[in-house]
Every structure is written in structure tokens, then in C-alpha cells.
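Chemist: Residue numbers (this note's numbering): 23 to 191.
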Amino acid sequence: MTFASPKANQHALYPGSFDPITVGHVDIVKRGLAVFDRITIAVARNIKKSPIFTFEERVEMIRETFADEPRIEVVPLAEGLLVDFARSIGVRNVLRGLRAMSDFEYEFQMASMNRRLTEDVDFVFLMTSEEHFFVSSSLIRDVAMNGGDVSEFVPKCVQKSLQAKFHSS
Ligand code: PNS
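Structure follows, in C-alpha cells:
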């Protein structure tokens, strides 16, 4: 019995909306770097949910968060299918984070559909640390918008951007 070359595991694609990036995302990247040599973070430009941060702002906050990590690259997720984008950059593994059962349902559907679309790309799921299980970009937006303290849940640069976005006057 033979298996694919281990080299296929060296590079992973981590796609998402990241509106904004949270400590949960950072945790998944950190865990991902223990498995993969490098990770390309692909930021979706047009997301169904209307984003509070522009595409450029979301990319910039992620770049700043990982400024000291040379194994991370941040790129736009090209229009079209995720699996086609992964293939176009020669990545076999798509990394996604899992928090609770609610994530599982959504991720299971997406991964199953993507698997029907191509056999060339696989989905790799890593579990977020328990202390981040309840952290989501949507909750962060809501708490920040209503004046709550989100410093524990987002990188420093995101905290500043949220402050500027909602409470700059
Ligand atoms: O952070 P999100 O919003 O959960 O990320 C979702 C994302 C960007 C990974 C997903 O919407 C996606 O893959 N979009 C690309 C278009 C695509 O391939 N759609 C079919 C998915 S089965």
C-alpha cells in the first residue's frame, strides 16, 4: 500500500472572512504551524454577510498580527471556488478551525460539497482552545459596537481598529 508524498503536507491554505480576525483564528494559525511548514491565509473579498471592515482593512489587520511570522502569507481569496483557488496555488490542504457542534454542521456541509467538486483538495480541521470556544467575529463586532471591552478576544491592532470604527468621535 502506498500513500501520497508527505511533502503534500507542507503548505496549507486558511481561508475566511476574518471580519475581524480574533484570538480564535490566531490560535488555529498557531496550531496549524505545528502541523504545516507554512500557511497562506486567504481573505474573502466579497462575503455574504456585509462586513464592517473593508477587504483592505481585514488584510492589513491580519498582516500586522503575523508581522513577525515569516511562515505566514496573507493573500486575497480569488473570486470563484475555494477549491479552484487552492489548486491554482498548488495547495492540497485547506485548514479550518472548529469550535462547537454548530461549526461542525456548517463545516461538514462545506467540506462534503468541496470534496464532490474535487478530489485534489482536502480539508483539515483543528480544534480551537477551549478558552476560545465562544469567541466569534460576529460576537466581537456586537460587543465592540455596544461599547464592551474586547481586548481579551482580538489582537491589539484589531482592538484599536474597532475602537476607531465605533467610538472615534
Ligand atoms: O470565515 P467564513 O465566512 O466561514 O469563510 C467562508 C469561506 C470564504 C471559506 C467560504 O465562503 C468559501 O469557501 N468561499 C469561496 C466560494 C466557494 O468555494 N463556495 C463553495 C463552498 S462549498
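Cβ coordinates follow ideal geometry from the N, Cα and C atoms, glycine included.
Just so it is clear, the structure is predicted and the values come from calculations on it, not from any experiment.
Can you check the segment 98-165 for any alpha helix (DSSP H) of at least 4 residues that lies completely inside it and give the ranges in chain order?
Modeler: Segments of the alpha helix (DSSP H) lying fully in the segment 98-165: 104-110, 123-139.
Chemist: Does the ligand PNS have a heavy atom nearer than 7 Å to the CB of residue 37?
Modeler: Walking along the sequence shown from the start, residue 37 turns up at place 15. Yes; taking the cut-off as 7 Å, the Cβ of residue 37 has a heavy atom of the ligand PNS nearer than that.
Chemist: Tell me whether residue 170 is buried or exposed, calling it buried when 16 or more other Cβ atoms sit within 10 Å of its Cβ.
Modeler: Along the sequence shown, read from residue 1 onward, the residue named residue 170 stands at position 148. The residue in question, residue 170, is exposed, as its Cβ has fewer than 16 Cβ neighbours within 10 Å.
Chemist: Short check: CB of residue 80 to CB of residue 40, under 8 Å?
Modeler: One-based indexing of the sequence shown puts residue 80 at position 58. One-based indexing of the sequence shown puts residue 40 at position 18. Yes.
Chemist: Buried or exposed for residue 87, going by 16 or more other Cβ atoms inside 10 Å?
Modeler: Numbered from 1 along the sequence shown, position 65 holds the residue referred to as residue 87. Buried.
Chemist: Which residue or residues does DSSP assign as beta-bridge partners of residue 96?
Modeler: Position 74 of the sequence shown, counting from 1, holds the residue named residue 96. 63, per the DSSP bridge assignment.
Chemist: From the DSSP secondary-structure annotation, give me the bridge partner or partners of residue 37.
Modeler: Indexing the sequence shown from 1 puts residue 37 at position 15. Bridge partners of residue 37: 64.
Chemist: Going by beta-carbon coordinates alone, are residue 120 and residue 127 separated by less than 8 Å?
Modeler: For the purposes of this step, residue 120 is identified with residue 98 of the sequence shown, where counting begins at 1. For the purposes of this step, residue 127 is identified with residue 105 of the sequence shown, where counting begins at 1. For residue 120 and residue 127, no; Cβs fall outside 8 Å.
Chemist: Can you list, in chain order, the residues of its chain with a C-beta nearer than 7 Å to that of residue 141? Leave out the 5 residues immediately preceding and following it.
Modeler: As a first step, residue 141 is located in the sequence shown; it is residue number 119 there, counting from the start. Nothing meets the Cβ criterion.
Chemist: So, under 8 Å CB-CB, residue 55 and residue 93 are touching, yes? Tell me the CB distance rounded to an integer number of Å.
Modeler: Counting from 1 along the sequence shown, the entry for residue 55 is found at position 33. Counting from 1 along the sequence shown, the entry for residue 93 is found at position 71. 6 Å between Cβ atoms; contact.
Chemist: In three-state terms, what does DSSP make of residue 48?
Modeler: The residue given as residue 48 occupies position 26 in the sequence shown. Correct three-state label for residue 48: helix.
Chemist: Any idea what DSSP makes of residue 185, helix, strand or coil?
Modeler: Numbered from 1 along the sequence shown, position 163 holds the residue referred to as residue 185. Of the three classes helix, strand and coil, the one that applies to residue 185 here is helix, per DSSP.
Chemist: Can you find a heavy atom of the ligand PNS that lies under 7 Å from the Cβ of residue 23?
Modeler: Along the sequence shown, one-based indexing puts residue 23 at 1. No.
Chemist: Just tell me which of 149, 34, 172, 38 has its CA closest to the CA of residue 101.
Modeler: Taking the first residue of the sequence shown as 1, we reach residue 101 at position 79. For residue 101, the nearest C-alpha among the options comes from 38.
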